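Chains as they are written, first to last, in the UniProt record's numbering: chain A, 1 to 340; chain B, 1 to 340; chain C, 1 to 340; chain D, 1 to 340; chain E, 1 to 340; chain F, 1 to 340. Worksheet for the structure shown next.
There are 6 protein chains.
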Amino acid sequence: MKKDFDLLSLGEILLRLSPPDNERIVRGETFQKQVGGAELNVVSGASLLGLRTGMISKLPDNALGVYAKNRVRFCGVSDDYLVYDEEPDARLGIYYYENGAYPRKPSVVYDRRHASFCKIRVEELPEEMFASTRCFHTSGITLALAENTRNTAVEMIKRFKESGAIISFDVNFRGNLWTGPEAKECIEKILPYVDIFFCSEDTARLTFLKDGDVKSIMKSFTEEYPISIVASTQRIVHSPKVHTFGSVIYNAKEDRYYEEEPYRDIEVVDRIGSGDAYISGALYGLLAHGFDCRKALEYGDATSSVKNTIPGDLPSCDLKEIDRIIRNHKGVGGQVEMDR
Amino acid sequence: MKKDFDLLSLGEILLRLSPPDNERIVRGETFQKQVGGAELNVVSGASLLGLRTGMISKLPDNALGVYAKNRVRFCGVSDDYLVYDEEPDARLGIYYYENGAYPRKPSVVYDRRHASFCKIRVEELPEEMFASTRCFHTSGITLALAENTRNTAVEMIKRFKESGAIISFDVNFRGNLWTGPEAKECIEKILPYVDIFFCSEDTARLTFLKDGDVKSIMKSFTEEYPISIVASTQRIVHSPKVHTFGSVIYNAKEDRYYEEEPYRDIEVVDRIGSGDAYISGALYGLLAHGFDCRKALEYGDATSSVKNTIPGDLPSCDLKEIDRIIRNHKGVGGQVEMDR
Amino acid sequence: MKKDFDLLSLGEILLRLSPPDNERIVRGETFQKQVGGAELNVVSGASLLGLRTGMISKLPDNALGVYAKNRVRFCGVSDDYLVYDEEPDARLGIYYYENGAYPRKPSVVYDRRHASFCKIRVEELPEEMFASTRCFHTSGITLALAENTRNTAVEMIKRFKESGAIISFDVNFRGNLWTGPEAKECIEKILPYVDIFFCSEDTARLTFLKDGDVKSIMKSFTEEYPISIVASTQRIVHSPKVHTFGSVIYNAKEDRYYEEEPYRDIEVVDRIGSGDAYISGALYGLLAHGFDCRKALEYGDATSSVKNTIPGDLPSCDLKEIDRIIRNHKGVGGQVEMDR
Amino acid sequence: MKKDFDLLSLGEILLRLSPPDNERIVRGETFQKQVGGAELNVVSGASLLGLRTGMISKLPDNALGVYAKNRVRFCGVSDDYLVYDEEPDARLGIYYYENGAYPRKPSVVYDRRHASFCKIRVEELPEEMFASTRCFHTSGITLALAENTRNTAVEMIKRFKESGAIISFDVNFRGNLWTGPEAKECIEKILPYVDIFFCSEDTARLTFLKDGDVKSIMKSFTEEYPISIVASTQRIVHSPKVHTFGSVIYNAKEDRYYEEEPYRDIEVVDRIGSGDAYISGALYGLLAHGFDCRKALEYGDATSSVKNTIPGDLPSCDLKEIDRIIRNHKGVGGQVEMDR
Amino acid sequence: MKKDFDLLSLGEILLRLSPPDNERIVRGETFQKQVGGAELNVVSGASLLGLRTGMISKLPDNALGVYAKNRVRFCGVSDDYLVYDEEPDARLGIYYYENGAYPRKPSVVYDRRHASFCKIRVEELPEEMFASTRCFHTSGITLALAENTRNTAVEMIKRFKESGAIISFDVNFRGNLWTGPEAKECIEKILPYVDIFFCSEDTARLTFLKDGDVKSIMKSFTEEYPISIVASTQRIVHSPKVHTFGSVIYNAKEDRYYEEEPYRDIEVVDRIGSGDAYISGALYGLLAHGFDCRKALEYGDATSSVKNTIPGDLPSCDLKEIDRIIRNHKGVGGQVEMDR
Amino acid sequence: MKKDFDLLSLGEILLRLSPPDNERIVRGETFQKQVGGAELNVVSGASLLGLRTGMISKLPDNALGVYAKNRVRFCGVSDDYLVYDEEPDARLGIYYYENGAYPRKPSVVYDRRHASFCKIRVEELPEEMFASTRCFHTSGITLALAENTRNTAVEMIKRFKESGAIISFDVNFRGNLWTGPEAKECIEKILPYVDIFFCSEDTARLTFLKDGDVKSIMKSFTEEYPISIVASTQRIVHSPKVHTFGSVIYNAKEDRYYEEEPYRDIEVVDRIGSGDAYISGALYGLLAHGFDCRKALEYGDATSSVKNTIPGDLPSCDLKEIDRIIRNHKGVGGQVEMDR
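Shown next as structure tokens:
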């Protein structure tokens, strides 16, 4: 029986404010105004590729909340499961982002405490939501933000799992939100529910205290928990404006690793959200192509690589463009300099 | 003996974010980035006119705090008494402002809770500060923001008074911060220390439950408290883009009212901060001209009227410009169309 | 039985390009990029007020079409019934708009010929669409654009009527698209199907060759055709930047005219789409308030007046704002200068 | 025998730098970059109306000079008689302009000393230039800038006169360049050569020490000198954003005054250059319509009025637009709200 | 006998709309507004280097046409042979351009069908035009746009040839306008008239079905047709932001090939028009230096390479700059970091 | 005894006007508006790092002078020793700057003659200034600008030296201001007073006619004059957008050279002022760390390298950022991709 959604995600929607080009937060007269947030980035990218997606979040009931909702819709993501905070202290969390240029690193200032999202509760969402989707995704950020979001996320993971949804989880460890041991303890409680697991090599080592090579680390998660697929991205930062990006995916059932040539010397315009874009591509590959990990790898790598060239958190490439990029990457057919 | 400062003021410094021109908060891709805040507006205007001023406030120890400090300095205001909040939850309060056009009113969304300023304590400032200024100014907003800012403000009023400073106070009642009775109770406790008192007719009636005409109301404050000077502004809002502005000042010692023709049909570009600009002009008139209320009136009215034509919270006219505007307003000398 | 939509509308979606502020088309280095179109303006305004709406249109299958679709979604309008033109000559119609300032009038240059919308056919839309809405709206522009759009529109009017939808029609006569006699002949053929009829006094006289006062003209339409409600807007253009706006609505069943004080001296920022905004408000009033013509009048007048203060074709005020404007217009409750 | 040009003009071309909108010179991060200058404004407006015009000036031989030349060409004005200054101290004169809003006046800061134009000499221009035009125009600004420009201008007036050109002269008195008596003495020396004389009532009184009403003043010039036509503009400045504009023209041969209803309540966007635009319209009327002073009046008033609505010094309306504005001003034909 | 023009060119002038920086067509709120078109790019570059050039084209008689004409003049190109389309369906062709960043390619969306240029006829131009120029240039785009432009172009080639002009032709094959065989058939008919022939190696192979190395291919054209000079550019696209550019020129009379070191690792800002800039430099070299192919090579390579660093289609470097770049490229004299 | 200032500097403050991004001076509609000047760049950078600094300069007494003063204050630099020019020819010097992209070099057009700064005299500054600082800095540009600034600078060097200040001098040779021999003769007269000497290898060779390797050249200055420290920067310009930067410092007393790995492949955003930033870092290192040349080297190299990534002349990095960059450069601690 067909579900209304392919993918629902729980996460905070943030106002992103960034000075234009190479300007700095401490100077200048304008901020570019965008929205972002790890989980929103994921569903918005997946939606562009063709999945029917929706965002579960809580926004302030003011002009900023309306702005965020409008942007969500602009991205082709459903706002059916956005709830609103009418209390006087309602607020939209903010982050300030500044581009880097070697030897100056990109930098971020967060102002996301006390945001309306931190108050979201399972009871605010309709019961039927849990049966409406094929896949539910959330990340370690949502777990780390506040005790309430942690409880809500854990409860939702259980409820979606019960309703038959696939559970996708991205560790996305942030040292400014919680410590490694806190993350480890919490995440290990939800790993029994997770089907698709995104975890970088560094995080696996530092947070989960794994050792060995990346492949054996990936496999070890599937041995300890009933995880079907583990994906791990590999980014080399040559400078703030030049990255190389690739990934490895492990399919536990097949006991097989999927890899390809990385995208080398990406001309980075805005790196934020490229990790989330990877997840959007990988989930698209899995959900739209019968859990084909080769597709997940190719869509993940391409969607992430090209996200680096797009200003803002959110991807903006549709399936046609991504398919063209994959074909070029694989060197299929004649190469043209320009798409006309 | 000469003091380092003519005017010190305690108040919150806010990041102001506003869509350009007639654009809306719920749409658009840029915010104009400015700083503002009632007390900062006052000292920045007074500084432009020639007073040596400084701001007492608390800023987050991050890029936003540095930005705010830089802007304070740009305005010619001393940052000697800015203190910094290094805690992880440090934040700069924000307000979002959108211009109006009849029949659409200007609108403001506040996001100032939990700001670093709310934590400011008297002990963070150096002891010598209290003897360093001729005049100390604060407003009802600082009283209303949080219990801690209220205590700090009341304590500072007492300490500055003891050190021989003139105390200036602007009621600036904001219904979204506290109720009328709360304001009345609190402010009546500080009125015994106040020398120069700014209170609009509406606030006098609604908050202090005064009746009678505006002049008798003004006088009544000086009868109940040892207040020397009471000033009351009078604004007529023809539309969001057209205002008329004037004021009345009462000098208790002289038992005399000062009035002049209002500025009619002001071409309003940005109304925010024009009430604070009035105070900056009036305090300049009093402090630079031996408490001459005629000067206070003329500088107050001119500084406020012209502030309406300047984008952002902060005044930007120096003494030469204000003197020219006063001369034009009084019709002194030939009128030219343009200043060349 | 509840329908999926309150309002569906058939019409062209145009790319609007306008120089910023008072700049001219013949000079300058940027265009502001927006979308517009009479029917889109109507549904987008109605959606902001709370109706569930959708747009029936045809877009080129290229980046411009994707842009237009994204904007439709941003406005809260469903893109379920947008179809795409994959032929090599697919194009999005364009209009260039330049603001006026007395004595310079606003001006428009159209480049909408050969647009993909002109090719839209009934068969491209799913059968179930006709039963999915409470109301269908289109305008004389759609009739005038091309023979094919005329046929499609007439066919859709009949099909929606058969399926029980209310038919709303706006004459919106444009002399650069067809002649008065052409319009009259065509529109008279569809009036037998129309329930809610929008026609200005000038158009009634010049196109339908009516005479008498505006009220008798309005009534005459309901006598000749089975029209339930006729609405006629009244705009006085004092200058390109100052308008006065009001309307009259006639309810045939009640044989009653509804009127109110016009909005006087509106501070016009962008006049385009304000007539369409009237329709969105009026339809909201009728559809959400049981065909209450008083509500239609108040929502229509307020939505149109405030649209004049918003850049671009599309309204951007939600129900809360419009209700506040109506209360202010009726002088209910204390008036504040600013919404905080 | 047909001449190459209808109108040549000698004058300085300035770089104009202005903060956007209502921003101030003392703040902000951008300047709008334009060119202007009294005589350039005249020929550029006349060129738009259809005269073949050219500019006689001297520019620095650097990127700023190239920029100025490109703008001159953009306006449809010939650059055949621009000469270049290759000396190391070559510079383009600059003026900074800031818009006003009541009670803040527009303001100008000049930085035009030592400009390359001040070095222009008759010998730099080709001999054939003097026979190539029907009319030569210059202004009191060129006379006042430097002794060398004064000598060059006087010499050119004589040489053009000898070659049969009509001489047009605009007093354009600027108190910051010379005194009234200096101006009087110098201009009286060239009036014997002048055919068309532009002088405002104020200047006639204050500089030429005339009295009586404006009409008798205008006539008196033609009695003292062999001047054919005298034009005098009349501007009422209601506020920096609202002006009323009209003029009177006196034809000595006919002994007749031409007047019409002024343009009332012009919505002023940028007032600079509107006096020069008047001259461009008046000269067009005279040169293209056989010295018809009615045409000169109508084209002058319309071109000037509409210039006030255009950003920058330079007019941008062609003959079609001006004809439409004149028709609307005279109330000929039905009035439409918008040019489509 | 001296001709009025060195170079006239027939081609379409397009409005170019591009999102700023790395923004995308499918998002964003502004377009940068420029003009471009292969032949305009050629004459505008040649004009900057010092040739007297003019454009033969047809523009709509509306504000967009005026804008295009103004830009043509701004570039120093004569508008004597621009004709205007007054029909109601007159339009300026458009193309939308988006920058790339690896792995995202630059992309173009065309909307040039039904443009006024497609209607241009030989009879609209004055007879004397054909004798007024030393050289006539057009490209395969003009041939491909429409049957009418093909006929007009072929007819003009013949007429200019008869009048003694040198004929320059750039194949500029565009697969979205016509097929290879169509191009081959058409172009082979005009090659008997061509003196200077621009054709890339790829096009020679794919369209003209040539084989062998690039030099033998170039020579073969001169063996089959009375072509004097063949030029072939060689571009290596390392990424959308890094190119290497060089060329080979073959002089049939001398039977000699001209080559130089390519410009390596060009920092590409806007690649569009750099091929056309090559032609402008090469034609300048040939026409201004007695058909010296060494000059053509050096000016062509330098003008093209530097065009890549200039936003928009049109070159903006004058002879002094190009000479400096050539000297630097050849390592002549000390190298400075900056031109002061 | 503690001095009021750590560092005072004498130099011109210029208005800098630059087209945005890769736009050119000869085109475009905006200039970015900044201030700069070699000595201001030095003190502003040093102030950000924590030194108490002030600028000695002369500004016009107009809006441009006020703008410059405000920017000086914004940078945390004292305006106590700014004096104002009230004469009618007062002006702020200007320079126009355009970015480069290979093969187009960055370019500068100066318009700084006759600036108010050229009139600055020692007597305009208060006597106590000379005893108020630990260090005085100026450059060869101030010596070269005009005879008067040369005399003033030499006089100030002597007066500061007498008052016990350390004298810092940067040769900063500019061939467009004076010749090598002029520079040599003048500078050799002040070298007897200099303690800290900044001179590049090229300048040492070309201007001072030194030979040998860079180290022996550096040492030779300390042998001929009582100079304590000589610093020499080494910049490799790979292209306008990629530089490598390092330096050598020689301490005469220790007879020791300090060097470190250069910063390679800096992603250059705006190269202007990076040499001055070096001096600000080096002086900070020396003055804040007891003349520790290792600190001077590290702070100099880091401050200069990162300045290249900041738009405008002026540095904007505080001590925390520079310390972080130095740690990263030395590879201390784990490397993160982003500062959060």
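We treat Cβ as the ideally placed atom computed from N, Cα and C, and that holds for glycine. Since the model is a prediction, treat every value here as computed from it, not as a measurement.
Item	Value
Quick check on Asp255(B) - is its C-beta less than 8 Å from some C-beta in chain F?	no
Could you tell me which chain F residues have their CB closer than 9 Å to the CB of Gly50(B), listed as they occur along the chain?	By Cβ distance, chain F contributes nothing, its closest Cβ being about 13 Å from Gly50(B), past 9 Å.
State the CB to CB distance for the pair Ile229(F) and Ala252(F), rounded to an integer number of angstroms; the pair is presumed to be in contact (CB under 8 Å).	7 Å
Since I believe Lys119(F) is in contact with Asn148(F) (beta carbons under 8 Å), could you give me their beta-carbon distance rounded to a whole number of angstroms?	6 Å
Among the candidates Phe5(A), Tyr299(A), Asn328(A), Gly37(A), whose CA atom is the shortest distance from the CA of Arg16(A)?	Gly37(A)
Considering only their Cβ atoms, is the gap separating Ala183(A) from Thr207(A) smaller than 8 Å?	yes
Which residues in the same chain as Gly164(E) place their Cβ atom closer than 8 Å to its Cβ, once the five residues preceding and following it in sequence are excluded?	Ala131
Counting Cβ pairs, one atom from each stretch, are 3 or more of them under 8 Å apart for the stretch 68-80 of chain D and the stretch 274-290 of chain B?	no
Locate the beta strand (DSSP E) running through Met129(E), then write down its first and last residues.	Careful: Met129(E) lies outside any beta strand (DSSP E) and carries neither H nor E.
Roughly how far, in whole angstroms, is the beta-carbon of His329(F) from the beta-carbon of Tyr263(F), given that I think they are within contact range, below 8 Å?	7 Å
Quick one: which chain F residues come within Cβ less than 7 Å of Tyr102(A)?	Asp265, Ile266, Glu267
Can you confirm whether Glu337(D), when its beta carbon is compared against all beta carbons of chain C, has any partner nearer than 8 Å?	yes
Under 8 Å by Cβ, that's how I've got Cys135(D) and Ile166(D) pegged, so tell me the actual separation to the nearest angstrom.	4 Å
Return the first residue and the last residue of the beta strand (DSSP E) that Asp111(B) is part of.	107-111
Confirm, please, whether the CB-CB distance from Gly28(D) to Lys241(F) is below 8 Å.	no
Which residues, taken in chain order from the stretch 22-34 of chain E, show a beta carbon closer than 7 Å to some beta carbon of chain A?	Asn22, Glu23, Arg24, Val26, Arg27
Taking the beta strand (DSSP E) that Lys241(F) belongs to, which residues open and close that run?	Per DSSP, Lys241(F) belongs to no beta strand (DSSP E) and is neither H nor E.
Would you please state the rounded distance, in angstroms, between the beta carbons of Asn41(C) and Gly246(C)? I believe it to be under 8 Å.	So it is not a contact: roughly 19 Å between Cβ atoms.
Taking any Cβ of chain A, which residues in the stretch 48-80 of chain B have a Cβ under 7 Å from it, in chain order?	Asn62, Ala63, Leu64, Val66, Tyr67, Asn70
In terms of residue numbering, what span does the beta strand (DSSP E) encompassing Ile94(A) cover?	94-98
Could you spell out the range, first to last residue, of the beta strand (DSSP E) harbouring Gly36(C)?	30-36
Rounded to whole angstroms, what's the CA-CA distance from Val26(B) to Tyr67(A)? Just pull it up for me.	4 Å
When the Cα atoms are used, what is the spatial distance from Asp270(D) to Asp339(B)?	15 Å
DSSP beta-bridge partners for Phe198(E)?	Asp170(E), Ala231(E)
Residues in its own chain within less than 8 Å of Glu261(A) by CB, not counting five upstream and five downstream?	Gly246, His329
I'd like to know whether the C-beta of Lys105(F) is nearer than 8 Å to at least one C-beta of chain E.	yes
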